[in-house]
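Asker:
Number of protein chains: 2
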Amino acid sequence: MHVMKADWEDLKTVLHLVRGGSLAAAGALLGVNYTTVSRRITRIEATLETILFERLADGYRPTEAGLRVAEFASEMETQELALLRDLQGRDQRLRGKLVITAPQLLIGPYLSPVIERFSALHPDVELVLKASNELVDLTRREADLAVRISRSPGDSLTGLRVATQLSAGFGVQRWVDRAAEGSDAVIDWVVYEAFSHVPKAAKQAFPNSRVVLICDDMAAMVGAAVAGLGVVRMPLFLGRATPGLVQIPVLEPQPYADIWVVGHPDVWPSGKVSAFRDVLVPEFRRRRHEFVV
Amino acid sequence: MHVMKADWEDLKTVLHLVRGGSLAAAGALLGVNYTTVSRRITRIEATLETILFERLADGYRPTEAGLRVAEFASEMETQELALLRDLQGRDQRLRGKLVITAPQLLIGPYLSPVIERFSALHPDVELVLKASNELVDLTRREADLAVRISRSPGDSLTGLRVATQLSAGFGVQRWVDRAAEGSDAVIDWVVYEAFSHVPKAAKQAFPNSRVVLICDDMAAMVGAAVAGLGVVRMPLFLGRATPGLVQIPVLEPQPYADIWVVGHPDVWPSGKVSAFRDVLVPEFRRRRHEFVV
DNA sequence: AATGCGGCTTGCGAAAACGCGTGTATCTGC
DNA sequence: GCAGATACACGCGTTTTCGCAAGCCGCATT
Chain E
236 MHVMKADWED LKTVLHLVRG GSLAAAGALL GVNYTTVSRR ITRIEATLET
286 ILFERLADGY RPTEAGLRVA EFASEMETQE LALLRDLQGR DQRLRGKLVI
336 TAPQLLIGPY LSPVIERFSA LHPDVELVLK ASNELVDLTR READLAVRIS
386 RSPGDSLTGL RVATQLSAGF GVQRWVDRAA EGSDAVIDWV VYEAFSHVPK
436 AAKQAFPNSR VVLICDDMAA MVGAAVAGLG VVRMPLFLGR ATPGLVQIPV
486 LEPQPYADIW VVGHPDVWPS GKVSAFRDVL VPEFRRRRHE FVV
Chain S
236 MHVMKADWED LKTVLHLVRG GSLAAAGALL GVNYTTVSRR ITRIEATLET
286 ILFERLADGY RPTEAGLRVA EFASEMETQE LALLRDLQGR DQRLRGKLVI
336 TAPQLLIGPY LSPVIERFSA LHPDVELVLK ASNELVDLTR READLAVRIS
386 RSPGDSLTGL RVATQLSAGF GVQRWVDRAA EGSDAVIDWV VYEAFSHVPK
436 AAKQAFPNSR VVLICDDMAA MVGAAVAGLG VVRMPLFLGR ATPGLVQIPV
486 LEPQPYADIW VVGHPDVWPS GKVSAFRDVL VPEFRRRRHE FVV
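Chains as they are written, first to last, in the working numbering: chain E, 236 to 528; chain S, 236 to 528.
1) Taking contact to mean 3 or more Cβ pairs, one atom from each stretch, closer than 8 Å, check whether the segment 485-493 of chain S and the segment 312-331 of chain S are in contact.
2) Below 7 Å between beta carbons is the criterion; list the residues of the segment 312-331 of chain S that meet it against any residue of chain E, in chain order.
3) Output, in sequence order along the chain, the residues in the segment 503-516 of chain S whose CB is closer than 7 Å to any CB in chain E.
4) Measuring CA to CA, which of 506/E, 521/E, 245/E, 527/E is closest to residue 357/E?
5) Measure how close the beta-carbons of residue 413/S and residue 422/S come, nearest whole angstrom, since I'm counting them as under 8 Å.
6) As an exercise, report each continuous beta strand (DSSP E) stretch of at least 3 residues that is fully enclosed by the segment 463-527 of chain S, in chain order.
7) Alpha carbon to alpha carbon, what distance is there between residue 471/E and residue 397/E?
8) In or out: residue 399/S buried (at least 16 other Cβ within 10 Å) or exposed?
9) Determine the closest residue to residue 339/E out of 428/E, 386/E, 367/E, with distance taken between C-alpha atoms.
10) Would you kindly work out how many angstroms separate the C-alpha atoms of residue 515/S and residue 260/S, rounded to a whole number?
11) Please return the same chain residues whose Cβ sits closer than 8 Å to the Cβ of residue 406/E, not counting the five positions on each side in sequence.
12) In this structure, how does DSSP classify residue 376/S when only helix, strand and coil are distinguished?
13) Assuming residue 320/S and residue 508/S form a contact by the criterion Cβ under 8 Å, report the distance between their Cβ atoms to the nearest whole angstrom.
14) What do you reckon, are the CB atoms on residue 248/S and residue 290/S nearer than 8 Å?
15) Along chain S, which residues have their Cβ under 8 Å away from the Cβ of residue 243/E?
16) For residue 525/S versus residue 348/S, is the C-beta spacing smaller than 8 Å?
17) Does any residue of chain E have a CB that is nearer than 8 Å to the CB of residue 528/S?
18) Taking the CB atoms as reference points, tell me whether residue 392/S and residue 373/S lie closer together than 8 Å.
19) Going straight from the alpha carbon of residue 264/E to that of residue 252/E, what length do you get?
20) Determine the extent of the beta strand (DSSP E) in which residue 425/S is found, giving its start and end residues.
21) If we ignore side chains and look at the alpha-carbon of each, how far apart do residue 279/S and residue 296/E end up?
22) Quick one, are the C-beta atoms of residue 446/S and residue 426/S less than 8 Å apart?
23) For chain S, is any of its Cβ atoms less than 8 Å away from the one on residue 300/E?
24) DSSP three-state label for residue 256/S, please.
25) Strictly below 9 Å CB to CB, what residues from chain S border residue 396/E?
26) For chain E, find out if any of its Cβ atoms is closer than 8 Å to the Cβ of residue 541/S; answer yes or no.
27) Quick test of your reading: residue 341/E and residue 382/E, contact by CB under 8 Å. State the CB separation rounded to the nearest angstrom.
28) Could you tell me whether any Cβ in chain S is nearer than 8 Å to the Cβ of residue 421/E?
29) So who's on the other strand from residue 177/S, going by DSSP bridges?
30) Who are the neighbours of residue 288/S on chain E, taking C-beta pairs under 9 Å?
31) Going by Cα to Cα distance, which pick from 395/S, 424/S, 334/S is closest to residue 376/S?
32) Could you check the C-alpha separation between residue 433/S and residue 469/S for me, to the nearest Å?
33) Between the Cα of residue 240/S and those of 281/S, 266/S, 273/S, spot the shortest distance and give me the residue it belongs to.
34) Let me know the beta strand (DSSP E) ranges lying completely inside the segment 262-315 of chain S, each 3 residues or longer, listed in chain order.
35) Excluding the 5 residues preceding and the 5 following residue 254/E in the sequence, name in chain order all residues of the same chain whose CB lies nearer than 6 Å to its CB.
36) From the DSSP secondary-structure annotation, give me the bridge partner or partners of residue 445/E.
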């Protein structure tokens, strides 16, 4: 029992095979050929004298022991990620990759000038931009810095609120006319999935308001608004910047999720990350009125 | 920065190089040639773009970054060890290696019959015995089960007290005669380093008692006692089992550290470990009077 | 029943990692 | 000041590992 010494690379392989469910998927996660995965599993099973996976027609299913191995390996991976973040956070060099993520709709009007300026200042930094509304995992180093529209910086992350925001109802001119008909007017709404109902204030002012579409993507909702489908509650900056949309007087401007710059505390002090903040934050601060007026 | 992905085997190598201090030492710890260690370090330094060691004349000295890598790798190793213990603890097979450790002086008279019986019962178990007074690290899986003479089972270990012990003063016959001369008699003592003074009760009865030798090894002290050098306070079982020694009436029998069987809680339920306990514990329990009479 | 797909195993040649031997620098003790 | 020990770098031949291609199997679709 006591020569038993697991190869760490094999433990990592078990972890990713449990995650992927098949040799091919695990190989893709690990960046190696799937035959390599197969051979490593064979090897570690021999070393541990324990079966870790059942070979089924539709892939590898972990046994109880396999799950345990994966759990511990997952803890090891947590340590690895913490180490890499730690090293990265202390790296003051201004060259190499820097990965930023931001909501699609902010990129054009707000991030472009920031990126332009930053690239001019630090030409040796390869900037990678992930346009994404989903929360990329900063703990797993999927991005170094994120611009997020949310109520709080998020669990265990470091954040800086760069702007407070108001929202209002936007749509094509027709809805202004409709609203002018009086409080009995039927106002159609396209609403965000997370809310999925007409804003309360609008419902009070126009009791005949109704939902015509629930949608999970703000860009698509903007498109629907432009197409005249209905009124969309959206941040002021977005409605005002979108050609064809006007503010519909069915809803007083009301608080919306704010704009944050967030990062993992380990990575926050890194040279590249703070250099990027030094360009990004002033830009938002300078234009903060665009989000509230 | 984001393709940065450390090879776990290389992290392990950094850890052992920090521990060993030289390529050769690290290679020995890892069971690989030291040139391999050198190459792995070169590789991980390139991957992390960070210098982890200073090359000095007398070996590799870790930089600050190297120390940090080693720290995180050490946490990873802790997880690996926990995993291996967990797997081992659930292994109910009665074959393969089983590593036992016990104090030298207990092995002959007490462990031999246990080992003989156990081997007969479970011929497929390769029994490995480490005679050692030093505390082997059960957390690091240096042994699966330990017999220890101590006051408590130890930090975070599972233990079973198999016998309480008394001690007394033992020596050659001459010291009996000397003690008979009366309370002014000069009694020489060989004492254990951890105590390093004459037992208080003996000092009261014979104020002229003195220490002639302080020693850190009980086997050596038994030798000194047999050679007539002085009186040694030792467990009853030991004094009575050693030819040439008799109990010297200078000291009433008094409590001594007890005999424990201890193991790591993870490993404790393992088939082999509990099978061994099933032989060992009854043997000590059956003969428990030998330690107190 | 034939076809296509996803997934695995096996065999082979290429690439990577490894062990060993040799050579060099530094330190220690005589 | 010189032999010996310690520790590392480098080069070469070998072993191990890996990626690729071919083939097998079970399943679903046609």
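Note that CB positions come from ideal geometry on N, CA and C, so glycine has one too. Here the structure is a predicted model, which means the values were calculated and not measured.
Answerer: The relevant details are as follows:
1) no
2) 314, 315, 317, 318, 319, 321, 322, 323, 331
3) none
4) 506/E
5) 6 Å
6) 466-470, 489-498
7) 16 Å
8) exposed
9) 367/E
10) 37 Å
11) 460, 463, 465, 466, 467, 480, 481, 483
12) coil
13) The Cβ separation is near 11 Å, so there is no contact.
14) no
15) 243, 244, 246, 247, 311, 315
16) no
17) no
18) yes
19) 9 Å
20) 423-427
21) 33 Å
22) yes
23) yes
24) coil
25) Within chain S, no residue comes near residue 396/E; the closest Cβ sits about 26 Å away, beyond 9 Å.
26) The structure shown does not extend to residue 541/S, since chain S is modelled only from 236 to 528, so the question has no answer here.
27) 6 Å
28) no
29) The requested residue 177/S does not occur in the structure, where chain S is confined to residues 236 to 528.
30) Within chain E, no residue comes near residue 288/S; the closest Cβ sits about 15 Å away, beyond 9 Å.
31) 334/S
32) 12 Å
33) 281/S
34) 288-291, 294-297
35) none
36) 423/E
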